[in-house]
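To keep things clear, I will list the structure first and then write my remarks on it.
4 protein chains.
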Amino acid sequence: MRDYVEIGIGREARRAYSLDDVSLVPTRRTRSSKDVDTTWHVDAYTFDSPILSHPTDALASPEFIIEMGKQGGLGVIDAEGLWGRCASLEDAIAEVTGTAQYPEEMNSRKAILEFEASKTRAVEVLQRLHAKPLDTDLLAERISQVRDSGVTVAVRVSPQNARELAPVVIAAGAELLFIQGNLVSAEHVQQGGEPLNLKEFVGSLEVPVIAGGVFDYSMATHLMRAGVAGVIVGAGEAASDSGVGVPLATAIADVAAARRDYLDETEGRFVHIVADVATYDDSELATALACGADAVMVGRLLAKAQEAAGGGSYWEPQAAHPRHPRGGVYVNFAETQYPLEVVLHGPSNDPWGGLNLVGGLRRTMAKCGYTNVKEFQKVQLTVRPSL
Amino acid sequence: MRDYVEIGIGREARRAYSLDDVSLVPTRRTRSSKDVDTTWHVDAYTFDSPILSHPTDALASPEFIIEMGKQGGLGVIDAEGLWGRCASLEDAIAEVTGTAQYPEEMNSRKAILEFEASKTRAVEVLQRLHAKPLDTDLLAERISQVRDSGVTVAVRVSPQNARELAPVVIAAGAELLFIQGNLVSAEHVQQGGEPLNLKEFVGSLEVPVIAGGVFDYSMATHLMRAGVAGVIVGAGEAASDSGVGVPLATAIADVAAARRDYLDETEGRFVHIVADVATYDDSELATALACGADAVMVGRLLAKAQEAAGGGSYWEPQAAHPRHPRGGVYVNFAETQYPLEVVLHGPSNDPWGGLNLVGGLRRTMAKCGYTNVKEFQKVQLTVRPSL
Amino acid sequence: MRDYVEIGIGREARRAYSLDDVSLVPTRRTRSSKDVDTTWHVDAYTFDSPILSHPTDALASPEFIIEMGKQGGLGVIDAEGLWGRCASLEDAIAEVTGTAQYPEEMNSRKAILEFEASKTRAVEVLQRLHAKPLDTDLLAERISQVRDSGVTVAVRVSPQNARELAPVVIAAGAELLFIQGNLVSAEHVQQGGEPLNLKEFVGSLEVPVIAGGVFDYSMATHLMRAGVAGVIVGAGEAASDSGVGVPLATAIADVAAARRDYLDETEGRFVHIVADVATYDDSELATALACGADAVMVGRLLAKAQEAAGGGSYWEPQAAHPRHPRGGVYVNFAETQYPLEVVLHGPSNDPWGGLNLVGGLRRTMAKCGYTNVKEFQKVQLTVRPSL
Amino acid sequence: MRDYVEIGIGREARRAYSLDDVSLVPTRRTRSSKDVDTTWHVDAYTFDSPILSHPTDALASPEFIIEMGKQGGLGVIDAEGLWGRCASLEDAIAEVTGTAQYPEEMNSRKAILEFEASKTRAVEVLQRLHAKPLDTDLLAERISQVRDSGVTVAVRVSPQNARELAPVVIAAGAELLFIQGNLVSAEHVQQGGEPLNLKEFVGSLEVPVIAGGVFDYSMATHLMRAGVAGVIVGAGEAASDSGVGVPLATAIADVAAARRDYLDETEGRFVHIVADVATYDDSELATALACGADAVMVGRLLAKAQEAAGGGSYWEPQAAHPRHPRGGVYVNFAETQYPLEVVLHGPSNDPWGGLNLVGGLRRTMAKCGYTNVKEFQKVQLTVRPSL
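Protein chains in written order, with the numbering used here: chain Y, 825 to 1211; chain P, 825 to 1211; chain H, 825 to 1211; chain V, 825 to 1211.
In structure tokens:
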């Protein structure tokens, strides 16, 4: 059944599918959206909406993180971004987004070149800002302010800096720790360096850990055995342009299989799956859940929220990489902004599905005949390669 | 033979095909268009042209509905749209289409933003108009005016409101009742609510019922067993952007199989299949029939008719959904309008196939060697792109 | 091995491939272009270049037909187009192409609408010109003028009018008769009409007949058994937009199989295969031959010849259909024109392959290691669906 | 396992995959970029970066070739281009690139036509310059100047002129000889001409030979048996538009299989594989290595280097072919130029991956868990779209 082709003599490749290859087959029963329960929880924390924000400064103003929580979702703070490096977040963001104006006339070569150039200027600003020293006191102060608001606090650290930064952010109030890179492995191997023993490290923490991104059964199993509460599949915008990674419908289904096997192996330890998708298309939220995810981490889809830091611009942390920025920088692309509440729960006036993301997801689940995510993960699928 | 792939470990998906994946293989004999009979009938009603209009106010002026009938097709009235809510349909439509002008220069960002904004304004107008109370007397009066013209009267109600509205529209003269939502199930399940027992309901009506949209064998079988005269496969524009639904070539063929089995089960009760396609491409009319449909419901393809209410604009009812509008709104997209007679029967001066839809269908059937739909449903198919 | 999929329950479709899905695998030996022999022949007529022109008035000025012959190809005259209907071909063509100017600024909506409108005006002119009575004396006179030039004269008639027109055009000097419609069957069936018995008809003529277009083994076999000298696979521009027909790589290979079987059945009667492709891409010339064709009929690729009637415009006869024009009308699309000699044999200054079509074909054959078409038809293929 | 389909009756084709169909599956271990070793070597020559420049005058100024060597790569000089024909390379290049200005407003038809016309003028200039006699003294002098810089000198000759030019360029200092055409065979067959006996010829030379392009197992095996040190798979820009050639993921894997078998046959003679890709996408560098290549030859990706001769323009030698130019001419397409060091090794400010090509490759290898190319060639692959 698993589908391998020989792409050349003696060289096999597995056929893999992305989320937009997949459609959902409704069952015999439709349900009412009102009866749909999209609740998910990690440890003692419960969330009404299965939407997480990608840990990028382009989204994560304190207001945004707090509002995400109030709207039932989970906003994730990047501990290694601007929060701990810039006295004024507003000024820092303004410096990034002030580099470019979306041109009036895109067919003028001069305007296109200027627009292209402005994006590299934005990257340069990001690189410069990220090169500032990390002030852990400032970071801690900002995290604790969010904590004071009463919403669940989630903070992301990179695998490289997890050992150093986790104590800081946990002390400041982080209740969920995301150890998240474009790719996380059970063991990061570096010659001469001391690898992070993830199992030992996770075991030493007082807060649940969600780690990723991973792309396959084997890596996911390793994270689960290391004791994480959740596994992140995918790597947001970064996955789409590096040639590395498994298309997400396949990757999520593989990780869901790893979870089932781990559940059996441990006689009942259930690990959550978060799909970190890079999408403009709200239909992928449903297909990600249908393939096995419990919640979906999104980025650009939330950039039109008024509370988002970027004011209609978007980038992910790897765009600030000092030598090899990736993932694109979208400066001032979203002209009209809406309250995050409207983005997540409507009401929408956008007939193309860019608003009321959670409402749309509930409708899709209801139309397919399901009232909770666990059941919805059994919905029948069809595949067709998207052109 | 049925084709399943494992998209991830332990997760299967069925390969499915859309109408534009399919081409028709001509037989050894070509026929003359003149000899082609595209007649189809529901109960005692016979139609020369296998074309139905999607039940949207963007098409359904009274003139349009009457002309559809005169031209051998069937225009479907939306009982829950503007007909029962607005004293002047012309004014209401003008309010929608007046929100936007197709911009002169699409490459100006300002014009693009204004155009985008105008579409959300159009949605807001639709939402406001659809929020008006439904005046069933006004609705009934308008339906009876169409009835007076002598054409067959078909009216659509939603599954949610069928019980309440069906008696009204039937009393007003509806001869065919369409119970049509984006997705209709045999049983709509809502906690605390009382589900519509479709079988009982259909049995209680004096008029034939055509119900849908459905996407698979199982749901279609349920509708057939509920006693409907026809099943609608697909959901027009709504099917294309929600991630729910089976690509239509597969869905239609599955429903045609359900019909064959139901025919056997009932020793001869024949149920009609209507494919509700969202297409700009007249070739999909023929492929929909070739896959097993008896008639095709179209929307945007008819928006260029002079009799259409929207005057070159197009939307479907779900674009007026109060919290989650879907399916797109195309304001003033068709500059040139033609009499509906020309749109359906030519003569055409459009070498890209946008006019003379029925004539084109007859030619295709004749070229493939068939003179009626029943035989044409056996035409050999090829598919591409192959999965 | 033949590849069928079940697109829906109980409904099969064959996987089929188009010419641009196919690539050619070179052999161990490359050859010199100079050693490549692309000669093909029908009956006693030999042609150096395996290129025929589609029988459209957009190409076929007398100068163009004569030059095609002088350059080793074969120009085909449409007996049912303007040659027998218009006293001045130049004036008639000017009336068609004078309807439109390619707009300066395609992003202005006004210009786009005007351009669209101009194309329907062009169709209307074509329809009006084609509605003029056919003056067979005028047609005969023009054909005999071409005959006087010494080149081989090929004239196309439709299946419908073959019985009436064939004697006229043969008497006027046609040495090859093309019986060509979008689709030709062995037996055209019309209620009340008398079908053309192709076998009897072909047998009664003194000139070789090339007939088509066909799309499969069965239809091709019938034409062969009717005694044709050549079979046309495909239908030019018409095949691409009607949903009828088999993608050409598959269709050509099927017809080549029919030829092999017919060769066996008749102990040696060899029928030629002409592929009527609608392409802008010269690489499809080679792939058509590689799939089994002996020669390729092209249209738009030749429209940039200075000798072509349309002066850079292009359409095919079905664009003049009185009720259902198809196949597109491309008015003044090719700004720069080149002598037909340069289009066919170079030298080229176009690095995208639009000139030196025959030279390019010879190079491709040589690079693959073949020096004649018969051997080249064995070249190994790879397939990959084009996105 | 090898995957053949019957595209038509009795006609098979092999399913083949291109580099962008392929994604890489990371292993359980990620590595540090710093630990990645991309070294490769031919004979006694070692290169830190597995990047070669395509032998085109659009790149190969003497400064560019020298800087390629200094940056750890290998720049290849075309012995049959402008180096031996033009007293001033700068003037010659300026003549080519002076033919066109990238238009300010691409939507103006006049500007588009002028731009198109300018490209044919550029081809005409290239054709004229390439028609000048080859001054082997001038060529030798320029080669020896590069040699004086201390970098490894690689010079390309065509198969046709290899016998005549190889002694000249070797005497002038070429340390590696590239015998490279769009397609190289073990034996070029020409009627009346004397074919180059590659084995004898290669054996007679004092320098290692790298030859290609080839597309399959058989041709690669022949080159290996002729004694080459390296085989080139693919043909740069030329492969994409001629319809000849095997998609590169398949071709590279096939040639890697040929290498394994040849290694066995010779009990240990290892032949290098260079993939000559035409890509804008740096992710194909990694996938080419993953499919079996040791190094990648690129062209357009390097055109933004300040040292490149073309100053932001790009073409390959076949664009100067006297009768059949191919492969495109891109005049002044890259507005912003960067030092070659930045293009290859960063730091980058381009979040879409156009800079720091080697750094990006190292990161990809590290993320997949590999620290050298030999191991990386075992990375698991997925394919999509699946045929």
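Note that beta-carbon positions come from the ideal geometry of N, C-alpha and C, so glycine has one too.
The beta-carbon of residue 1176(H) is placed less than 8 Å from the nearest beta-carbon of chain V. The Cβ atoms of residue 1108(V) and residue 876(V) lie no closer than 8 Å to each other. Shown here, residue 1100(P) sits in a strand according to DSSP, grouped into three states.
8 Å or more divides the Cβ of residue 1101(Y) from the Cβ of residue 1036(Y). Looking only at 1176(Y), 1165(Y), 910(Y), 838(Y), the smallest Cα-Cα distance to residue 964(Y) is reached by 910(Y). A straight line joining the alpha-carbon of residue 957(V) with that of residue 1170(H) spans about 22 Å. Taking 8 Å as the CB threshold, residue 944(Y) lines the interface with chain V.
Taken through DSSP and simplified to helix, strand or coil, residue 938(H) comes out as helix. For residue 1198(P), no Cβ of chain H is located within less than 8 Å of the residue's own Cβ. The continuous beta strand (DSSP E) containing residue 830(Y) extends over residues 828-832. Under the 10 Å beta carbon count, residue 1090(H) is surrounded by fewer than 16 other beta carbons and is classified as exposed. Listed along chain P are 831, 832, 833, 834, 835, each with a C-beta nearer than 8 Å to that of residue 1077(Y).
Residue 878(H) holds the alpha-carbon nearest to the alpha-carbon of residue 1132(H) among 1144(H), 982(H), 878(H), 1116(H). Just measuring C-alpha positions, the residue of 1181(H), 1062(H), 848(H) sitting nearest residue 1120(H) is 1181(H). For residue 1116(H) and residue 862(H), the gap between their C-alpha atoms comes out near 14 Å. Contact annotation for residue 839(V) against chain H: 1206, 1207, 1208 [CB-CB distance below 8 Å, chain order].
In this structure, the straight-line span from the alpha carbon of residue 978(V) to that of residue 1002(V) is close to 7 Å. According to the DSSP assignment, residue 902(H) belongs to the beta strand (DSSP E) that extends over 898-902. Judged by DSSP in its simplified three-state form, residue 1002(H) adopts strand. Annotated three-state conformation of residue 1174(P) is coil, per DSSP.
Residue pairing from DSSP places residue 1036(H) in a beta bridge opposite 1004(H), 1056(H).
Scanning the segment 870-923 of chain V from its first residue to its last, the whole beta strand (DSSP E) runs of 3-plus residues come out as 875-877, 898-902. Note that the C-beta distance between residue 1110(Y) and residue 848(Y) is below 8 Å. For the segment 839-857 of chain Y, the set of residues with a beta-carbon nearer than 9 Å to any beta-carbon of chain P comprises 839, 840, 841, 843, 844, 845, 846, 847, 848, 849, 850, 851, 852, 853, 854, 855, 856, 857, in chain order. Taking residue 867(P) as the centre and dropping the five residues before and after it, the same chain places the C-beta of 1032, 1053 closer than 7 Å to its C-beta, in chain order. One thing to note: residue 1207(V) has its Cβ no nearer than 8 Å to the Cβ of residue 917(Y).
Beta-bridge annotation (DSSP): residue 838(H) is paired with 1206(P), 828(H).
Between residue 873(H) and residue 897(H) the beta-carbon gap is near 4 Å, inside 8 Å, which marks them as a contact.
Considered as a whole, the segment 1062-1094 of chain P harbours no complete run of any beta strand (DSSP E) with no fewer than 3 residues. By the Cβ-count criterion, residue 912(P) is exposed, with fewer than 16 other Cβ atoms from all chains shown falling within 10 Å of its own Cβ. Sequence-distant Cβ neighbours of residue 1104(V) in its own chain, meaning closer than 7 Å and more than five residues away, are 1124, 1125. For residue 1047(P) and residue 1172(P), the gap between their C-alpha atoms comes out near 39 Å. Counting along the chain, residue 1125(H) sits inside no alpha helix (DSSP H), nor does DSSP assign it H or E at all.
DSSP places residue 861(P) within a strand segment (E or B) once states are collapsed to three.
In the three-state DSSP reduction, residue 847(V) falls in the strand class (E or B). Counting only unbroken stretches of 4 or more residues, the alpha helix (DSSP H) elements lying wholly within the segment 940-999 of chain V are 960-972, 986-996, in sequence order.
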